[in-house]
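Undergrad: Under UniProt numbering, the first residue of the sequence shown carries the number 1, and numbering increases by one thereafter.
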Amino acid sequence: MSVMSTNGQRHLLYRTTSSSSCLSQTANVRSREAVRCKSLIFSDFTFDNIDDGKQRSHRGGTTWMRFRSQIEQLDRENFTIVAWEPPGYGKSRPPDNKTFPDNFHQRDAAWAHSLMKTLDYSKFSLLGFGDGGTTALLLAATYPQSIRKMIVFGARSYIHQNEIAHCDNIGRRIEDLVPTEVCTDYFQKTWTEWVNTMKRLYVVQNGNLCQEALAKIKCPTLIIHGFEDKFVVPDQQLHLSQNIVNSRTYMFKKPPHDIYQKYPEVFNHKMTKFLLEK
Numbered sequence: 001m002s003v004m005s006t007n008g009q010r011h012l013l014y015r016t017t018s019s020s021s022c023l024s025q026t027a028n029v030r031s032r033e034a035v036r037c038k039s040l041i042f043s044d045f046t047f048d049n050i051d052d053g054k055q056r057s058h059r060g061g062t063t064w065m066r067f068r069s070q071i072e073q074l075d076r077e078n079f080t081i082v083a084w085e086p087p088g089y090g091k092s093r094p095p096d097n098k099t100f101p102d103n104f105h106q107r108d109a110a111w112a113h114s115l116m117k118t119l120d121y122s123k124f125s126l127l128g129f130g131d132g133g134t135t136a137l138l139l140a141a142t143y144p145q146s147i148r149k150m151i152v153f154g155a156r157s158y159i160h161q162n163e164i165a166h167c168d169n170i171g172r173r174i175e176d177l178v179p180t181e182v183c184t185d186y187f188q189k190t191w192t193e194w195v196n197t198m199k200r201l202y203v204v205q206n207g208n209l210c211q212e213a214l215a216k217i218k219c220p221t222l223i224i225h226g227f228e229d230k231f232v233v234p235d236q237q238l239h240l241s242q243n244i245v246n247s248r249t250y251m252f253k254k255p256p257h258d259i260y261q262k263y264p265e266v267f268n269h270k271m272t273k274f275l276l277e278k
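Written as structure tokens, this is what we have:
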């Protein structure tokens, strides 16, 4: 876990060593002078955040590998960056095996909120990608008093059958599609277990992940979607925009699922403009 102050005051580093420490042990984070009242969360397979101290994510690989363009290019005069890889994701150990109970999105949302509270972030913004987008939606709905703004992209509130089929197809070709340094046995095992969880939830919960939570979201929300995203069907962003009251949508016409990597300058501009609006 890294917490970076951006106003020239200090840089704080905190790496968790266990699931409990990520929630409660912050003895080495001593000063709160640099912490501001806003923050931004990225998330997916790993869950990152960026605190907009004037501002937070992805499962397929480490935080640094997936969000380097955001971490390096966001304006440090306006943003403080906090990065978290939750237990079992990225390099966060233990546990050695990431678990996927039926409520794992809500569990991760509770962990993320507890961590930010422990680090003295009372008000922050969220940026959730993919699976982390679901976590961000639940976090915003469950802890509305803590959330300033939210950006979600490639996010889903329910599971569509076509999405499962696409993930199955990816799983069969994963060694060809994922960089060698990432595609470890653990990564492949975690991917398979995640896909199996999506299949299970599609049956036992009729595909519902957090649809009932959308009406509880009160913060200004930006929904970003890539028109050619095969991981998430277009109806997902439409459903979000129709059920989150204070929301707006921006559609990239061509980019796929990883729009933040394909078009980082445009993505960062849209994100920054939204977060800094009064």
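Each residue gets a CB set at the ideal place from its N, CA and C atoms; glycine is no exception.
(1) Between the C-alpha atoms of Q211 and I159, what's the straight-line distance to the nearest angstrom?
(2) Three-state secondary structure (DSSP) at K149?
(3) Any idea which residues DSSP pairs I159 with across the strands?
(4) Looking only at its own chain, which residues have a Cβ that is under 7 Å from the Cβ of T142, when we skip the five neighbours before and after it?
(5) DSSP three-state label for S39, please.
(6) As a quick exercise: from T184, A155, G88 and C219, pick the residue whose alpha carbon is nearest that of Q236.
(7) Suppose the cutoff is 7 Å on Cβ atoms and the five residues either side in sequence are ignored; what does the same chain contact list for K253 look like?
(8) Determine the closest residue to V232 out of N243, F129 and Q106, with distance taken between C-alpha atoms.
(9) Enumerate in chain order the residues of its own chain whose CB-to-CB distance from R32 is below 6 Å, with the five nearest sequence positions on each side excluded.
(10) Could you tell me the distance, in whole angstroms, from the CA atom of S146 to the CA atom of W111?
(11) Taking the continuous beta strand (DSSP E) assigned at T221, which residues delimit it?
(12) Does the stretch 184–200 come close enough to the stretch 159–168 to have 3 or more Cβ pairs within less than 8 Å?
TA: Let me lay it out:
(1) Their backbone Cα atoms lie some 10 Å apart in a straight line.
(2) If DSSP states are grouped into helix, strand and coil, K149 belongs with the strands.
(3) Partner(s): none; I159 has no beta bridge.
(4) Within the same chain, T142 has close Cβ partners A109.
(5) Caution is warranted here: a pLDDT of 40 is assigned to S39, below 50, making its placement in the model unreliable, and no coordinate value can be reported.
(6) It is A155.
(7) In its chain, beyond the 5 residues on either side, F227 have a beta carbon closer than 7 Å to the beta carbon of K253.
(8) Cα-wise, what sits closest to V232 is F129.
(9) Residue confidence for R32 is low, a pLDDT of 31 falling below 50, so the modelled location carries little weight; the figure read from the coordinates is stated next. Apart from the 5 residues on each side of it in sequence, R32 sits with its Cβ closer than 6 Å to the Cβ of D120 in its chain, given in chain order.
(10) S146 and W111: Cα-Cα distance of roughly 14 Å.
(11) Start and end: T221 to G226.
(12) Taking a contact to require three or more Cβ pairs closer than 8 Å, the stretch 184–200 and the stretch 159–168 qualify as touching.
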